[in-house]
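Participant:
Protein chains in written order, with the numbering used here: chain A, 1446 to 1836; chain B, 1446 to 1836; chain C, 1446 to 1836.
#1: Using the three-state DSSP reduction, which class does residue 1882 of chain B fall into: helix, strand or coil?
#2: To the nearest angstrom, how far is the alpha carbon of residue 1602 of chain B from that of residue 1701 of chain A?
#3: With a Cβ-Cβ cutoff of 8 Å, do residue 1609 of chain C and residue 1554 of chain C count as a contact?
#4: If you reduce the DSSP assignment to three classes, tell me which class residue 1600 of chain A lands in.
#5: In chain B, what lies closer than 8 Å to residue 1827 of chain C by C-beta?
#6: Tell me the DSSP secondary structure of residue 1685 of chain A in three-state form.
#7: Can you tell me which of A:1802, A:1772 and A:1705 puts its alpha carbon nearest to the alpha carbon of residue 1592 of chain A?
#8: By the 10 Å Cβ neighbour count, where 16 or more other Cβ atoms means buried, how is residue 1577 of chain C classified, buried or exposed?
#9: Which runs of the alpha helix (DSSP H) spanning at least 4 residues fall entirely within the region 1732–1796 of chain C, listed in chain order?
#10: Select from the region 1500–1521 of chain A all residues with a C-beta closer than 8 Å to any C-beta belonging to chain F, and list them in chain order.
#11: On the DSSP letters alone, give me the boundaries of the alpha helix (DSSP H) that residue 1565 of chain B sits inside.
#12: Using the rule of at least 16 other Cβ atoms within 10 Å of the residue's Cβ for burial, across every protein chain shown, is residue 1744 of chain C buried or exposed?
#13: Chain A partners of residue 1690 of chain C, CB-CB under 7 Å?
#14: Expressed to the nearest angstrom, what Euclidean distance is found between the alpha-carbon atoms of residue 1769 of chain A and residue 1500 of chain A?
#15: List the whole-angstrom C-beta distance separating residue 1715 of chain C from residue 1474 of chain A, where the pair is believed to meet the contact cut-off of C-beta under 8 Å.
#16: Here's a check: name, in chain order, each residue in its chain whose Cβ is nearer than 7 Å to the Cβ of residue 1460 of chain C, leaving out the five neighbours to either side.
#17: Please name the residues in the region 1741–1759 of chain C whose beta-carbon is closer than 9 Å to at least one beta-carbon of chain A, in chain order.
#18: Take residue 1525 of chain C and list the residues in its own chain whose beta-carbon comes closer than 6 Å to its own, dropping the five residues that flank it on each side.
#19: Report yes if the CB atom of residue 1472 of chain C is closer than 8 Å to the CB atom of residue 1598 of chain C, and no otherwise.
#20: Beta-carbon of residue 1546 of chain B versus every beta-carbon of chain C: anything under 8 Å?
#21: For residue 1629 of chain A, which residues in the same chain have their Cβ closer than 6 Å to its Cβ, ignoring the five residues on either side in sequence?
#22: Indicate whether residue 1668 of chain C and residue 1697 of chain C have their beta-carbon atoms separated by less than 8 Å.
#23: Please report the straight-line C-alpha distance between residue 1721 of chain A and residue 1822 of chain C, rounded to a whole angstrom.
#24: Just the Cα atoms here: how many angstroms apart are residue 1652 of chain A and residue 1589 of chain A?
#25: Given this structure, state the Cα-to-Cα distance separating residue 1503 of chain A from residue 1802 of chain A, to the nearest angstrom.
#26: Do you know how far the Cα of residue 1717 of chain B is from the Cα of residue 1762 of chain B?
#27: Report the rounded CA-to-CA distance for residue 1808 of chain A versus residue 1505 of chain A, giving the unit in angstroms.
#28: With DSSP collapsed to three states, give me the class of residue 1532 of chain A.
#29: At 7 Å on the CB atoms, spell out the chain C contacts of residue 1673 of chain B, in chain order.
#30: Comparing alpha-carbon positions, which option in B:1466, B:1827 and B:1520 lies nearest residue 1538 of chain B?
#31: Mind listing the chain C neighbours of residue 1719 of chain B? Cutoff is C-beta to C-beta under 7 Å, in chain order.
#32: What residues in its chain sit with their C-beta under 6 Å from that of residue 1727 of chain A, if we drop five residues either side in the sequence?
#33: Starting from the C-beta of residue 1450 of chain B, find all residues in its chain whose C-beta is less than 8 Å away, skip the five residues before and the five after it, and write them out in chain order.
#34: Output the boundary residues of the alpha helix (DSSP H) element that contains residue 1820 of chain C.
#35: If you count every other CB in all the chains shown that lies within 10 Å of the CB of residue 1682 of chain A, and 16 or more means buried, which is it?
#36: Which value, in whole angstroms, describes the spacing of the CA atoms of residue 1750 of chain A and residue 1709 of chain C?
Next up, the structure:
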């Protein structure tokens, strides 16, 4: 494979370095620091870089690429985001980091199939499109900033799925995308980090911090409990399956995220967590059997049922809560519901359409996608051979 | 083993789901959120879910169950605790999480021997009994809330030991409860997390936050140093033993916990840390030789010398400090000492008696305990076979 | 090897215990707590104990020693530091922990070659000398405390290199200091922790907290991006090398640390991050080929190019920034530049000279250094054999 190696060597470093040059030049025109740049620093970064870096580590031969590329994409993405929104002269590091969640989730769908050049391009494209989609929500539908930000999981999951539909499927006989106990345990390490920091994540842009933290905590708690119950019910021998636990324990946090600021009773968050966990596990059961094969979708980390469907559930729940709350004021209710449904449809359709376009662009000959036989292999990108150890 | 598989499949999910249904219904009657629910969110949760999840991971074939069941029990336990104390209309998430320490410590004593149904029942029973024991201390002995909470290690360790006495011993010839360098290293990961967050944990319910943090830090520091020294002195070849380090580095934090708010000089905390570490290592030496065999105790993670005996030392130290402080006021001293000794005796006797009862209940035929030959095996509960890899 | 075992057993525990006795006696004379001991507790400790503990874990058979000795040295060092500075009656735990960075970095250079007795002596010596060096900067050059503290990386790296020059080189044919994917992955875990907490670390003693956090973040982000680009350019097949990523992603944080409080535009921090990453990777390329062999240096964890050279770059950048800022006021500029250059030369020459002396002391017959054939082996110190598993 000398040609693709050379191609890789020729394109990656120059792409990265020229991107950095662009960033530095653009940052040159940024005003100096002022006192408005306050944020609570380590929480979100710990979650994005450490939590997601290990959460996605489920492929046995793809550990280096998972953590390494995750760090690369996040730091590139944060800089691009800050560059993209320079026009409004706001330099909000935390918003940039939260936006990166969309990219990290999309990465999960094409993990092991896209090469670094494709991933970097996807990062830049997705951030621009997500920012556009939020701008459209904010301008035309008058959705507030913190609510449109909570569409980040929805956008990330469906954008990633659309991109992944354009990649060739891996050969079904290969065992390279198998999991091992070791990779599952390291993935559990990341999952527990995400679980613990999810309430901080949901509350970070909200002004009703404590309510959001409590609601998210209860949603997450119930979805973790339900995950264990449903996993036993859906597997053949009545055992737990680690993949179920990984995806379903987080589903509650995703679903509650949309409406967390407006839920007034803990039991509502708990019911949402229960439903989200059920959707995640039953969804994974159905989508492997009847949804993915005809669509030729291969969703490496199961982002569809971990982030996509729970986010749809969360958006639905928010509409229902609005209807119940404004029941005695029909015109206002109609208006509010319309806005919510509009924002949801806008986000999901922008994600699917631009995701497909991005997927087609990424599979142009120019970016020489890697051969299917080299999918899920660290050895293709990293110097250290994983020959004998099969991690 | 088709019968026990079926039994497991039949009971676990329905037990979990019906517990969740009960929680949701009870939470329905809770008042909506108000502004009093303030806490410092991620610290304690990071410690409980991530730290303890990996700290207990010392069995080579039990990694999935250790982290997975730890998460399940904590989220179930927090919800039961909140349900149990609904009567007083206080919804304090942080108190619930701190109480869970008792359960997690008890889990360590029966790790690999109890099945999930037994663990869930133990969680619910222990939380109710611990709450009862604290209520008795608070009401009859007028002990303050934050002090009775610091009995959490004492209660957890002796409750766990009493429960564990009712389980059959593992066959001495099996090597399944052996450690491997990998499991020890992951356990070290959890230990370091616990070590770093222990000062936050001790100070979380205290009103003299900084004094408690400093005292705990000095206690932990000296016990870590002493652990290395004593480990070399007690092993055959004069080498370090990882198990000693794991248990003894935390002993200082446990011992200082009881009196941290009233220690006025760092050197007292340091002496306590030194003694706690000594007790933990010498205790592990003696208890394996002469204490456990006649009592037929098998204490998987060594909770007796990591948490039990250092907590007894801490309670004793608190009494001695009280005597010294009130030396010139004998009647007041007598009263205060009586209260402390009374609270200590109450906690330990409630823990041992209810622990034995709980152990007998858990070993009823109804809950079909697992055969001794299947102890310490992930494979019994989880779908993924740990066949070739021996993690 | 019975003699060295006996020697080890005889010296380590008594050395540790007598050190502890000295600390406790000295702490006895410390004033009781007062309200001035405020710090932001867990961040720095999480970084030092957890982050560095796993960051240094790159040797395949030295995992126990890396994490274990790291904890031992940090807690011993914090106590010695507090004892050393008792004369000024300031009991600042956080300053003690930050000072320990120097020791931890020096440890990286002699990792696997020094035994615990040597490491403990090095810790005590280095802390005293570093405190002396800072005191000289503060007194004679009137450098502020928070600036002289940022020389911690510079001091640690060159002290460690000088000490390491006095140890025998490992045999070039041995493969014990090889890396495995597993040790690299655990090292990545520590690296990500350090990356996330580096901005907190740089800002912890500064009074312009947010500016320092932002500058460090941008420096780190650009150095992470550059690390990937340069790694592809410098390796033979055009692949990434994990060692490059580990060292270069942190280089930006080290370089920005010196001047972070005075950098007014993000692009300056970004350029510094780019240069630091380049220096780290090109430096590792050159030093392995032409610098280390003639000097007979063996730098186990590459602290020279990860911490040493980026710190030199940072000091240089600070001087250049001073020149630009005070261009129109030549006398003041000359004075300020002289102070900065003086402080830099003072730190680096004290580090090199005392490092050499410390290295010679450590290699006295009294401390019986371990034979070269036993370098990089956990088995020499720890009871658990790493025989079959090769972690």
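Backbone N, C-alpha and C fix where the C-beta goes; we use that ideal spot for every residue, glycine too.
Facilitator: On the basis of the coordinates in this document:
#1: Residue 1882 of chain B cannot be examined here, being either before or after the span of chain B that is shown, 1446 to 1836.
#2: Counting only the Cα atoms, residue 1701 of chain A lies some 36 Å from residue 1602 of chain B.
#3: Yes, the Cβ-Cβ distance between residue 1609 of chain C and residue 1554 of chain C is below 8 Å.
#4: In this structure, residue 1600 of chain A counts as helix in the three-state DSSP scheme.
#5: Within chain B, the residues near residue 1827 of chain C are 1684, 1685, 1686 and 1687.
#6: In this structure, residue 1685 of chain A counts as strand in the three-state DSSP scheme.
#7: Looking at the Cα atoms, A:1705 is the closest of the given residues.
#8: With fewer than 16 other beta carbons inside 10 angstroms of its own, residue 1577 of chain C counts as exposed.
#9: Within the region 1732–1796 of chain C, the complete alpha helix (DSSP H) runs of at least 4 residues are 1737–1740 and 1754–1770.
#10: The question asks about chain F, but that chain is absent: this structure's protein chains are A, B and C.
#11: Where residue 1565 of chain B is concerned, the enclosing alpha helix (DSSP H) stretches over 1561–1585.
#12: A residue is called buried once 16 or more other Cβ atoms fall within 10 Å of its Cβ, and residue 1744 of chain C is buried on that count.
#13: The contacting residues are 1513.
#14: Looking at the two C-alpha atoms, the distance is approximately 37 Å.
#15: Actually they do not touch by this definition, with Cβ atoms about 13 Å apart.
#16: The residues 1562 and 1565, in chain order, have a CB closer than 7 Å to that of residue 1460 of chain C in the same chain once the five nearest residues on each side in sequence are set aside.
#17: Within the region 1741–1759 of chain C, no residue qualifies.
#18: Here residue 1525 of chain C has 1569 and 1572 as same chain residues with Cβ atoms under 6 Å from its own Cβ, once five neighbours each way along the sequence are excluded.
#19: Cβ atoms of residue 1472 of chain C and residue 1598 of chain C: not closer than 8 Å.
#20: Taking 8 Å as the threshold, the shortest C-beta distance from residue 1546 of chain B to chain C does not fall below it.
#21: The answer, listed in chain order, is 1687.
#22: Result yes, Cβ atoms of residue 1668 of chain C and residue 1697 of chain C sit closer than 8 Å.
#23: Take the alpha-carbon of residue 1721 of chain A and the one of residue 1822 of chain C: they are about 49 Å apart.
#24: Each residue's alpha carbon lies about 12 Å from the other.
#25: Residue 1503 of chain A and residue 1802 of chain A: Cα-Cα distance of roughly 28 Å.
#26: A straight line joining the alpha-carbon of residue 1762 of chain B with that of residue 1717 of chain B spans about 8 Å.
#27: If you take the alpha carbons of residue 1808 of chain A and residue 1505 of chain A, they lie about 25 Å apart.
#28: Residue placement at residue 1532 of chain A is poorly supported in this model, since its pLDDT is 43, which falls under 50; the coordinates are not used for a value here.
#29: The answer, in chain order, is 1461 and 1517.
#30: Nearest Cα to residue 1538 of chain B within the set B:1466, B:1827 and B:1520: B:1520.
#31: Those are 1465, listed as they occur along chain C.
#32: Excluding residues within five positions, none has a Cβ falling inside 6 Å.
#33: The pLDDT assigned to residue 1450 of chain B is 44, lower than 50, so where the model puts this residue is not dependable; a value taken from the coordinates is nonetheless given after this. Excluding positions up to five away in sequence, the list is empty.
#34: Premise fails: residue 1820 of chain C is in no alpha helix (DSSP H) and is neither H nor E.
#35: Exposed, since its Cβ has fewer than 16 Cβ neighbours within 10 Å.
#36: Taken atom to atom, the span from the alpha-carbon of residue 1750 of chain A to that of residue 1709 of chain C is near 45 Å.
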